[in-house]
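Our numbering runs 1326 ahead of the 1-based position in the sequence shown.
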Amino acid sequence: MQIIAADTVTVNGGNITSETTGGGLGGQITIAAQTLTITNGGGLTASTSGTGAGGAISVGADAVDISNGGRVSSDTNFVAGPVRGAGGQVLFTDVQSITLDDGQITSNSNRGGDAGEVRFENVGTVQLENGSAIEAITNLGGVGGDVIFDSVDQLTLATGSAISVSSELNTGARAGTISITAGNSIDLLDATSSISANSGGGVAGGISVAAPSLNVSGTIEATTGSAGQGTDSFIIDVGALTVTATGRISTSTVGGADAGSMQIIAADSITVTGGNITSETSGGGLGGSI
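This is how it looks when you write it as structure tokens:
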């Protein structure tokens, strides 16, 4: 399915959907426009509830605005039997600005196959606010999807917004990885903004952050539940790191699980003003190294 507009594509409360429930491959959704607006609960969705892989979603636009419950998602759902279709990729490429205001970009596996990847390539600014989320979650399903920012200029999170990967109630599947490479800065503006990799039952996902400037007034964390395993990849490689009074960078574990390790590299400076960089363990697990 291709949707091409010289000016604007608006999804206002409606849905553009590609779905497969059998063994065939899901169709791809391609959007090309000057501006893509998804609002008032509208959505772009590619899903599989069968053995065939879900379709991909590809967006190319000067500006993308997702607000008021708008959503772009790749979903893999429950399938009985050993063969379960994998989720499709969600790709934003050559976009000057992406704004999420109570909006979501997600890849989920709910008792299905491997979740799809969420990727941003050659993107200018990405801003999340008012409870927005970019996330990849696996829940009793396959391997979690990755969230990858490959060549983004500036990334900003505020007012309850989050970028996350997680493995929930899982029996060994690995959560996805968050990889962010920014040409300018990454800013978590307040205490309610977060970047996280969490494991309830599988292996926790990795976090890799690289930018000339990283400012943390929120939280960057890798957490491991009692049945999980800590991440083996938590790397922050920046020019200058600032952690404010409400900021926290941490790796932690509860129960008997071992926490993952963390590596922080700054070519210029690290400034911690009332905030925290921590490794914590609760229970019998080993704490992670910093």
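Cβ coordinates follow ideal geometry from the N, Cα and C atoms, glycine included.
Mapping DSSP to helix, strand and coil, what is Ile1603?
Taking the sequence shown and counting its residues from 1, one reaches residue 1603 at position 277. If DSSP states are grouped into helix, strand and coil, Ile1603 belongs with the strands.
If you reduce the DSSP assignment to three classes, tell me which class Asp1516 lands in.
On the sequence shown, residue 1516 is found 190 positions in, with the first residue counted as 1. Residue state, collapsed to three classes: coil.
Can you tell me which of Thr1374, Val1398, Ile1392 puts its alpha carbon nearest to the alpha carbon of Ser1384?
In the sequence shown, counting from the first residue as 1, residue 1384 sits at position 58. Minimum Cα distance to Ser1384 is reached at Val1398.
Alpha carbon to alpha carbon, how far is Gly1573 from Ala1517?
As a first step, residue 1573 must be located in the sequence shown, where it is residue number 247. As a first step, residue 1517 must be located in the sequence shown, where it is residue number 191. For Gly1573 and Ala1517, the distance between alpha carbons rounds to 7 Å.
Contact under 8 Å by Cβ, Gly1502 with Ser1458:
Residue numbering aside, residue 1502 sits at position 176 when the sequence shown is read from its first letter. Residue numbering aside, residue 1458 sits at position 132 when the sequence shown is read from its first letter. No.
Per DSSP, what kind of secondary structure is Asn1366 in: helix, strand or coil?
Here residue 1366 is taken as the residue at index 40 of the sequence shown, counted from 1. The three-state secondary structure of Asn1366, taken from DSSP, is coil.
Considering just the uninterrupted stretch of the beta strand (DSSP E) at Val1598, what are its terminal residues?
Residue numbering aside, residue 1598 sits at position 272 when the sequence shown is read from its first letter. Counting along the chain, the unbroken beta strand (DSSP E) around Val1598 starts and ends at 1589 to 1598.
Since Gln1328 is in the beta strand (DSSP E), which residue starts that stretch and which ends it?
Numbered from 1 along the sequence shown, position 2 holds the residue referred to as residue 1328. Taken as a continuous stretch (DSSP letters only), the beta strand (DSSP E) holding Gln1328 covers 1328 to 1330.
Can you tell me which of the three DSSP states Ala1548 falls into?
Residue numbering aside, residue 1548 sits at position 222 when the sequence shown is read from its first letter. Three-state DSSP puts Ala1548 in a strand.
Apply the 10 Å Cβ neighbour rule to Ile1330 and answer buried if 16 or more other Cβ atoms are within range, or exposed otherwise.
For the purposes of this step, residue 1330 is identified with residue 4 of the sequence shown, where counting begins at 1. The residue in question, Ile1330, is exposed, as its Cβ has fewer than 16 Cβ neighbours within 10 Å.
Run of the beta strand (DSSP E) containing Ala1566, from where it starts to where it stops:
On the sequence shown, position 240 is the one that residue 1566 refers to. 1560 to 1569 is the span of the beta strand (DSSP E), which, as asked, contains Ala1566.
DSSP puts Asn1341 in a beta bridge; with which residues?
Residue mapping note: residue 1341 aligns to position 15 of the sequence shown, counting from 1. Asn1341 is bridged to Gly1369.
Compute the distance between the beta-carbons of Ser1534 and Ser1559, then report whether it is under 8 Å.
Here residue 1534 refers to the residue found at position 208 when the sequence shown is read from its first residue. Here residue 1559 refers to the residue found at position 233 when the sequence shown is read from its first residue. Yes, the Cβ-Cβ distance between Ser1534 and Ser1559 is below 8 Å.
To which residues does DSSP link Gly1414 through a beta bridge?
Position 88 of the sequence shown, counted from the start, is the residue given in the question as residue 1414. Bridge partners of Gly1414: none, in fact.
Quick check on Gln1453: does DSSP put it in helix, strand or coil?
For the purposes of this step, residue 1453 is identified with residue 127 of the sequence shown, where counting begins at 1. Strand at Gln1453.
On the DSSP letters alone, give me the boundaries of the beta strand (DSSP E) that Thr1402 sits inside.
The residue you call residue 1402 lines up with position 76 of the sequence shown. According to the DSSP assignment, Thr1402 belongs to the beta strand (DSSP E) that extends over 1397 to 1402.
With the cut-off set at 8 Å, would you say Ala1488 and Thr1464 are in Cβ contact?
Along the sequence shown, one-based indexing puts residue 1488 at 162. Along the sequence shown, one-based indexing puts residue 1464 at 138. At the C-beta level, Ala1488 and Thr1464 stay beyond 8 Å of one another.
For the beta strand (DSSP E) containing Asn1465, name the first residue and the last one.
Counted from its first residue, the sequence shown places residue 1465 at position 139. Note, Asn1465: beta strand (DSSP E), 1459 to 1465.
Can you give the Cα-Cα distance for Val1452 and Thr1545, rounded to whole angstroms?
By 1-based counting over the sequence shown, the position of residue 1452 is 126. By 1-based counting over the sequence shown, the position of residue 1545 is 219. Cα to Cα, Val1452 sits roughly 18 Å from Thr1545.
Asp1401, buried or exposed, once every other Cβ within 10 Å from all chains shown has been counted against 16
Residue mapping note: residue 1401 aligns to position 75 of the sequence shown, counting from 1. By the 10 Å Cβ count, Asp1401 comes out buried.
Output the distance between the C-alpha atoms of Ala1462 and Thr1336, rounded to the nearest integer angstrom.
Locating residue 1462 in the sequence shown gives position 136, where the first residue counts as 1. Locating residue 1336 in the sequence shown gives position 10, where the first residue counts as 1. So the alpha carbons of these two residues sit roughly 25 Å apart.
Separation of Leu1540 from Val1390, as counted between CA atoms
Working through the sequence shown from its first residue, we reach residue 1390 at position 64. Working through the sequence shown from its first residue, we reach residue 1540 at position 214. In a straight line, the C-alpha of Val1390 is about 24 Å away from that of Leu1540.
State yes or no: is the C-beta of Ala1537 nearer than 7 Å to some heavy atom of the ligand PLP?
Although the ligand PLP was asked about, the structure shown includes no ligands whatsoever.
Is the beta carbon of Asn1524 closer than 8 Å to that of Ser1490?
On the sequence shown, position 164 is the one that residue 1490 refers to. On the sequence shown, position 198 is the one that residue 1524 refers to. Yes, they are a contact pair.
Going by the beta-carbon positions, is the gap between Ser1433 and Gly1396 smaller than 8 Å?
Here residue 1433 refers to the residue found at position 107 when the sequence shown is read from its first residue. Here residue 1396 refers to the residue found at position 70 when the sequence shown is read from its first residue. For the 8 Å CB-CB criterion, Ser1433 and Gly1396 do not form a contact.
Check whether the Cβ atoms of Ala1484 and Thr1507 lie closer than 8 Å to each other.
Here residue 1484 refers to the residue found at position 158 when the sequence shown is read from its first residue. Here residue 1507 refers to the residue found at position 181 when the sequence shown is read from its first residue. Not closer than 8 Å, so no.
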